[in-house]
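Colleague: If you read the sequence shown in the working numbering, its first letter stands for residue 5, the second for the next number, and so on. Cβ atoms here follow ideal geometry from the backbone N, Cα and C, with glycine treated the same way.
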Amino acid sequence: MRTGQRTPAPGTVVVVTGASSGIGRAVARAFAGCGARLVVTARSADVLDEVARECAAAHPRAEAVAVPADVTDAAATDRVARTALDRFGRVDVWVNAAGVGVLGRLDRVPPDDVRRPESSGPSGCWTTRSPAPT
């Protein structure tokens, strides 16, 4: 976090989707540096474990748990929320940073691949609308 900005208190419970790379990973590391308790999620389980270790080492009060999940799957995002609630008792901040891209000529990319980025963006956010699964 930059100087002069509000920083979260140590112990703030944060869920970060798309935490295996890019903005999601940077956000997770920034919160961890403030002593947050994190649930990091992405589809890449092996990389996600590395991110959780980095986050836990970033601050004496930081904690991190990795939960592999695809945000386009409502049951998977419910599992992420349930993990946060079971482990930390609440969710203070939920950051949707998951995203995918498609490279290739439109006439050569399968239609399902063309639709995939949309399902991880606005639709993916819809599946994470409630941190308390019913």
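Within the continuous alpha helix (DSSP H) that includes A79, where are the two ends?
Modeller: For the purposes of this step, residue 79 is identified with residue 75 of the sequence shown, where counting begins at 1. Note, A79: alpha helix (DSSP H), A78 to F92.
Colleague: Alpha carbons only, please: which of A101, T76 and P72 is nearest the one belonging to T87?
Modeller: As a first step, residue 87 must be located in the sequence shown, where it is residue number 83. Comparing Cα-Cα distances from T87 to each of A101, T76 and P72, the minimum goes to P72.
Colleague: Does DSSP put A68 in a helix, in a strand, or in coil?
Modeller: Residue 68 sits at position 64 when you count from the first residue of the sequence shown. Residue state, collapsed to three classes: strand.
Colleague: Give every residue of the same chain whose Cβ lies closer than 6 Å to the Cβ of A49, excluding the five residues on either side of it in the sequence, and list them in chain order.
Modeller: Position 45 of the sequence shown, counting from 1, holds the residue named residue 49. Same-chain partners within the cutoff: P72.
Colleague: In this structure, does DSSP put R10 in helix, strand or coil?
Modeller: Locating residue 10 in the sequence shown gives position 6, counting from the first residue. The answer is coil: DSSP assigns R10 none of H, G, I, E or B.
Colleague: Alpha carbon to alpha carbon, what distance is there between V43 and G15?
Modeller: Translated into the one-based positions of the sequence shown, residue 15 becomes position 11. Translated into the one-based positions of the sequence shown, residue 43 becomes position 39. Distance between the alpha carbons of G15 and V43 is about 12 Å.
Colleague: Measure the alpha-carbon distance for T21 versus T11 and round it to whole angstroms.
Modeller: Mapped onto the sequence shown, residue 21 falls at position 17. Mapped onto the sequence shown, residue 11 falls at position 7. Just so you know, the alpha carbons of T21 and T11 end up roughly 20 Å apart.
Colleague: What is the C-beta distance between A62 and G37, in whole angstroms, given that I count them as a contact (C-beta under 8 Å)?
Modeller: Within the sequence shown, numbered from 1, the residue matching residue 62 stands at position 58. Within the sequence shown, numbered from 1, the residue matching residue 37 stands at position 33. Yes, A62 and G37 are in contact; Cβ-Cβ is about 5 Å, under 8 Å.
Colleague: In angstroms with no decimal places, state the Cα-to-Cα distance between E67 and F35.
Modeller: Position 63 of the sequence shown, counting from 1, holds the residue named residue 67. Position 31 of the sequence shown, counting from 1, holds the residue named residue 35. Cα-Cα distance, rounded: 10 Å.
Colleague: Identify the continuous alpha helix (DSSP H) that holds L52 and give its terminal residues.
Modeller: Within the sequence shown, the letter at position 48 stands for residue 52. Here the alpha helix (DSSP H) through L52 covers A49 to A61.
Colleague: Could you give the distance in angstroms between the alpha-carbon of F92 and the alpha-carbon of V84?
Modeller: On the sequence shown, position 88 is the one that residue 92 refers to. On the sequence shown, position 80 is the one that residue 84 refers to. Roughly 12 Å between the two C-alpha positions.
Colleague: If you run the structure through DSSP and keep just helix, strand and coil, what is R33?
Modeller: As a working note, residue 33 is residue 29 in the sequence shown. The answer is helix: DSSP assigns R33 an H, G or I state.
Colleague: So, A102 versus C59, is the Cβ gap smaller than 9 Å?
Modeller: Your numbering for residue 102 matches position 98 in the sequence shown. Your numbering for residue 59 matches position 55 in the sequence shown. No. Outside cutoff.
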